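Following: one structure in structure tokens, then a few remarks.
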Amino acid sequence: MAVNEILDKMEEDITKEEARRKRIKRAEEIFNRNIDSVIADLDNIPLMEGVDRNSWLFAGCRQDLEKARTRILKYIERVLR
């Protein structure tokens, strides 16, 4: 393989990797916007009398959503390789 062919191949690989990174970033941005909306909706749920927004129920929901966010973002990156 000639040096120019090797350099062309390297440039092509870099371009593909850059495109992949952009796809992943875009997918992550869309997902994060959506999950942030779900978390905001959680704050708008009407509460029964005696239930505090800082109760274990709401704190647990937020923690579960953040854990799910982390797992899904890793999945997005893996799928878009």
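Going by our numbering, the sequence shown opens with residue 52, and the numbers climb by one from there.
We treat Cβ as the ideally placed atom computed from N, Cα and C, and that holds for glycine.
It should be emphasised that the depicted structure is a prediction, and the values quoted were computed from it without experimental measurement.
For arginine 132, name the three-state secondary structure that DSSP assigns. coil
- Top-ranked residue by Cα proximity to arginine 122, from Arg77, Asn83, Val102, Gly111: Asn83
>> Am I right that alanine 78 and leucine 131 are in contact with their C-beta atoms under 8 Å? What's the rounded C-beta distance?
In response: 6 Å
Own chain, CB closer than 7 Å to isoleucine 90, minus 5 neighbours either side, in chain order
Arg113, Leu116
Beta-carbon within less than 6 Å of arginine 72's beta-carbon, same chain only, minus the 5 sequence neighbours each way: which residues are those? none
Cβ distance (whole Å) where isoleucine 75 is taken to contact isoleucine 127 below 8 Å: 6 Å
| request: Kindly indicate which three-state DSSP category glutamate 100 falls into: helix, strand or coil? | output: coil
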